[in-house]
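One structure is given here, and the rest of the page talks about it.
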Amino acid sequence: MQRYYPNLQAIHQQTMQLEYAQCKHCQQTQHLVSHGFIRKKRLGAEPQAVGKRVYCSNRHHRTGCGRTMQLYLDSTIRYLHHAGCCVVALVLLLMAGMTVQHAYHQATGVSMPRNAYRWLHRLHMQASVYRSLPHRPPLQDANPFMTTHRSARLGSLMSTFQTLLQRFGQHLCTAYQSQLQRSFL
Ligand SMILES: [Zn+2]
């Protein structure tokens, strides 16, 4: 069963047709049941639905494994409060030459950049996954994002992002998650 969907309607549709879907934990069919929305808290607004849970039921004569699966909107990053587009925006702004603090403020409206460093850390952790994706070879060897006031790690991340953008386009997070069916971060 697919994990990332373009909208809530598509997720809802999937959870209406669970009979033949396979549990990703125990591989059984016939036991999955829809188990409510996943919502993210938002500042000054109602929590927003970003996905649905599916439960591999072991109740009422069912013999599933009792574990749950999450179906997400492809714009959602599971563990982050902000949507994936904010993370992508942060890196794009850094690539445009902004400082981390300015870029994070611009991308999220939040002035304390503490989270920005967490995001960058996670991106660095994912960088080898990004680099292992098949892609066209880079046009040039020189890394245009290596500048004296930036760390080599950040420069290399930006160059990796450049390649990701070439492959997935500006809506990098949603395209990545929907095409590869795996979490961007
Ligand atoms: Zn199961």
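Every position in the sequence shown, counted from 1, becomes a number in the numbering used here once 2 is added.
Each residue gets a CB set at the ideal place from its N, CA and C atoms; glycine is no exception.
Keep in mind it's a predicted model, so treat the numbers as computed, not measured.
Consider the C-beta atom of Q103 and the heavy atoms of ligand 1; say whether any pair is separated by less than 8 Å. Here residue 103 is taken as the residue at index 101 of the sequence shown, counted from 1. Relative to ligand 1, Q103 has its C-beta separated by 8 Å or more from all heavy atoms.
Classify L45: buried if its beta carbon has 16 or more other beta carbons within 10 angstroms, exposed otherwise. Mapped onto the sequence shown, residue 45 falls at position 43. Per the 10 Å Cβ criterion, exposed.
Quick check on DSSP: helix, strand or coil for I13? Counted from its first residue, the sequence shown places residue 13 at position 11. The three-state secondary structure of I13, taken from DSSP, is helix.
For the beta strand (DSSP E) containing V112, list its first residue and its last residue. The residue given as residue 112 occupies position 110 in the sequence shown. V112 -> no beta strand (DSSP E), and no H or E assigned at all.
Apply the 10 Å Cβ neighbour rule to T101 and answer buried if 16 or more other Cβ atoms are within range, or exposed otherwise. To locate residue 101, count along the sequence shown from 1; it is residue 99. Label assigned to T101: exposed.
For L174, which three-state DSSP category applies? The sequence position of residue 174 within the sequence shown is 172, counting from 1. Three-state result, L174: helix.
Going straight from the alpha carbon of M127 to that of F163, what length do you get? Residue numbering aside, residue 127 sits at position 125 when the sequence shown is read from its first letter. Residue numbering aside, residue 163 sits at position 161 when the sequence shown is read from its first letter. The C-alpha of M127 lies about 13 Å from the C-alpha of F163.
Buried or exposed, going by whether 16 or more other CB atoms sit within 10 Å of the CB of Y119? On the sequence shown, position 117 is the one that residue 119 refers to. Its Cβ having fewer than 16 others within 10 Å, Y119 is exposed.
Give me whichever residues DSSP pairs with V35 in a beta bridge. Within the sequence shown, numbered from 1, the residue matching residue 35 stands at position 33. Looking at the DSSP assignment, V35 forms a beta bridge with Y57.
For ligand 1, enumerate in chain order all residues having a CB closer than 5 Å to any of its heavy atoms. Residues flagged by the Cβ proximity filter: C25, H27, C28, C58, G66, C67.
Using only the alpha-carbon positions, how far apart do L82 and L122 sit? Start at 1 with the first residue of the sequence shown, and residue 82 comes out as number 80. Start at 1 with the first residue of the sequence shown, and residue 122 comes out as number 120. Distance between the alpha carbons of L82 and L122 is about 13 Å.
I believe V52 touches Y74 by the beta-carbon criterion, under 8 Å. Please report the beta-carbon distance rounded to the nearest angstrom. For the purposes of this step, residue 52 is taken as the residue at position 50 of the sequence shown. For the purposes of this step, residue 74 is taken as the residue at position 72 of the sequence shown. With a Cβ gap of about 6 Å, V52 and Y74 count as contacting.
Going along the chain, which residues of its own chain have a beta-carbon closer than 7 Å to the beta-carbon of K42, five neighbours each way excluded? Counting from 1 along the sequence shown, the entry for residue 42 is found at position 40. P49, Q50, V52, H83.
Using alpha carbons as the reference points, say which of M160, G86, S161, V131 lies closest to A109. The residue given as residue 109 occupies position 107 in the sequence shown. The candidate whose alpha carbon is nearest that of A109 is G86.
Taking C-alpha atoms, which residue in L10, Q4, L166, R69 lies nearest to L94? Mapped onto the sequence shown, residue 94 falls at position 92. Measuring from the Cα of L94, the nearest candidate turns out to be L166.
Whose C-beta lies closer than 8 Å to the C-beta of G171 among residues of the same chain, with five residues either side of it excluded? The residue labelled residue 171 in the question sits at position 169 within the sequence shown. Excluding positions up to five away in sequence, the list reads A177.
Can you tell me where the beta strand (DSSP E) holding L73 begins and where it ends? Translated into positions along the sequence shown, residue 73 becomes position 71. Here the beta strand (DSSP E) through L73 covers 70-75.
Ignore the nearest five residues each way along the sequence and tell me which others in S180's own chain have a CB closer than 6 Å to its CB. Counting from 1 along the sequence shown, the entry for residue 180 is found at position 178. Cβ neighbours of S180 beyond the five flanking positions: Y6, D76.
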